[in-house]
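What follows is a short report on a single structure.
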Amino acid sequence: MVFGRKAVNDSFGQEFFLVVKDTAVMDKLRDTFSGTAENDRILTVRLNMEGLDNNKEDFIRNAIDWSSTQTGYNSHIHGIALRRESLSMNGGLLFIGIFFSIIFTMCLILIMYYKQITEGYDDRDNFDIMQKVGMSDAEVKSTIRKQILLVFFSPLIIALLHTMAGFNMILGLLSTLSLFNTGLIIICGLVVTGFFAVLYGLSYSFTSRTYYRIVKQMNDDETARTIT
1 MVFGRKAVND SFGQEFFLVV KDTAVMDKLR DTFSGTAEND RILTVRLNME GLDNNKEDFI
61 RNAIDWSSTQ TGYNSHIHGI ALRRESLSMN GGLLFIGIFF SIIFTMCLIL IMYYKQITEG
121 YDDRDNFDIM QKVGMSDAEV KSTIRKQILL VFFSPLIIAL LHTMAGFNMI LGLLSTLSLF
181 NTGLIIICGL VVTGFFAVLY GLSYSFTSRT YYRIVKQMND DETARTIT
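Okay, so the sequence shown: first residue is 1 according to my numbering, each after it adds one.
Below, the structure is given as C-alpha cells:
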C-alpha cells in the first residue's frame, strides 16, 4: 500500500478473479451466473505465455483462428500488439514532455540569470558603499548567496508543493495512459525533482559567482582609480 492505494492496479474497472480446481467447478459457476440479462456474465480466457515474441504471435494467431470457429466467440485482445501501440504512443508523449520541459526550464533559468546580473550592475554602488564602511568580502558573498538563493529555489519549492497538492489528480491523469503503479510514479517524481534541484543548484552557483565578480570588479576599479 502507498498513501492508502494499491501499489499496482492495472485495471480501469472492478474485477474479481475466482481460481477453481477444474473445469467442472468452472462450468457450475458459469451455469449459476448466466441465463438472465441481469446477471449474465462473459467468459474471458487470458493466457500468460513465456518465450519469444515470434512464437507467442504464432500461437495467438492459431488461437484466434480456432476461437473464431467456436459458438459465442465475440472478440480478442492481442497483448503484444497493444504493448507496441502503447509504447509508440507513450514514447511520443514522453519525447514531447521532455522537449518542452527542457525549453521551459532553460527559459526560466536564463530569465532569472539575466535578471540577477542586471540587479548586480544596479547594486554595485550599494555594495561599494557597504564595503567602504567595513563590510568584508565574506559578508558580501554571503549576502549575494542569500539573495540569489531565494530567487532560484523559490520556484522549485513552490512547484514541489503544487505537485504534492495535486498528486491525486496527477494519478488520475496518468491512469488514462494505463499508468497505475503509484510507487513507480513517486520514484520517478523524486528522480525528476532531484534532477531539477541539481540543475538549479548549478545555475545558482554560476550566477552567484558572476554576481560577485561584477561587484568585486567595481570595487577593484575604484581602488585602482584612488591609487592613481
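From the three backbone atoms N, C-alpha and C, an ideal C-beta is built for every residue, glycine too. Given the structure is predicted, the values throughout are model-derived calculations rather than measurements.
Drop a sphere of 10 angstroms on the beta-carbon of Tyr121, count the other beta-carbons inside from all chains shown, and report buried for 16 or more, exposed for fewer. exposed
Does the segment 94-101 come into contact with the segment 173-183, if we say contact requires no fewer than three beta-carbon pairs (one atom in each stretch) closer than 8 Å? Too few Cβ pairs lie closer than 8 Å, so no.
CA nearest to the CA of Met106, picked from Arg209, Leu202, Gln217: Leu202
Could you give the DSSP three-state label for Thr118: helix, strand or coil? helix
Under DSSP, the alpha helix (DSSP H) around Leu149 begins and ends at which residues? 137-165
Look at the alpha carbon of Leu190 and the alpha carbon of Phe167, and state the distance between them as a whole number of angstroms. Between Leu190 and Phe167, the alpha-carbon positions lie close to 13 Å from each other.
Go ahead and pull the three-state DSSP assignment for Met49. coil
Could you give the C-beta distance for Tyr212 and Val140, rounded to a whole number, given that I count them as a contact under 8 Å? 7 Å
For the 8 Å Cβ check, are there 3 or more pairs between the segment 123-143 and the segment 107-114? Taking a cut-off of 8 Å on C-beta distances, the segment 123-143 does not touch the segment 107-114, as fewer than three cross pairs fall below it.
If you reduce the DSSP assignment to three classes, tell me which class Leu171 lands in. helix
Can you check whether the CB of Val20 is closer than 7 Å to the CB of Met26? The Cβ-Cβ distance between Met26 and Val20 falls below 7 Å.
Cβ shell of Phe17 (< 7 Å), same chain only, five flanking positions each side left out: Within the same chain, no residue comes within 7 Å of Phe17 by CB-CB distance, once the 5 residues on both sides are set aside.
Within the present structure, is the beta-carbon of Ile80 separated from the nearest heavy atom of the ligand GDP by less than 6 Å? Annotation note on the ligand GDP: not contained in the displayed structure, which lists no ligands.
Hey, would you say Ile148 sits closer than 7 Å to Tyr204, going by beta carbons? yes
What are the boundary residues of the alpha helix (DSSP H) that includes Leu29? Note, Leu29: alpha helix (DSSP H), 23-32.
Using only the alpha-carbon positions, how far apart do Gly79 and Ser175 sit? Cα to Cα, Gly79 sits roughly 18 Å from Ser175.
My assumption, with CB atoms under 8 Å, is that Phe100 sits in contact with Val215. Please give the rounded CB distance. Not really, about 36 Å apart at Cβ, beyond 8 Å.
Given a cut-off of 7 Å on the beta-carbon distance, is the pair Tyr113 and Thr207 in contact? yes
Run the CB neighbour count on Asp137, radius 10 Å, all protein chains shown included, and call it buried at 16 or more, exposed below. With fewer than 16 other Cβ atoms within 10 Å, it is exposed.
Under the three-state DSSP convention, the category Gln70 falls into: coil
Spatially closest choice to Ile185 from Leu171, Phe195, Ala24, by CA coordinates: Leu171
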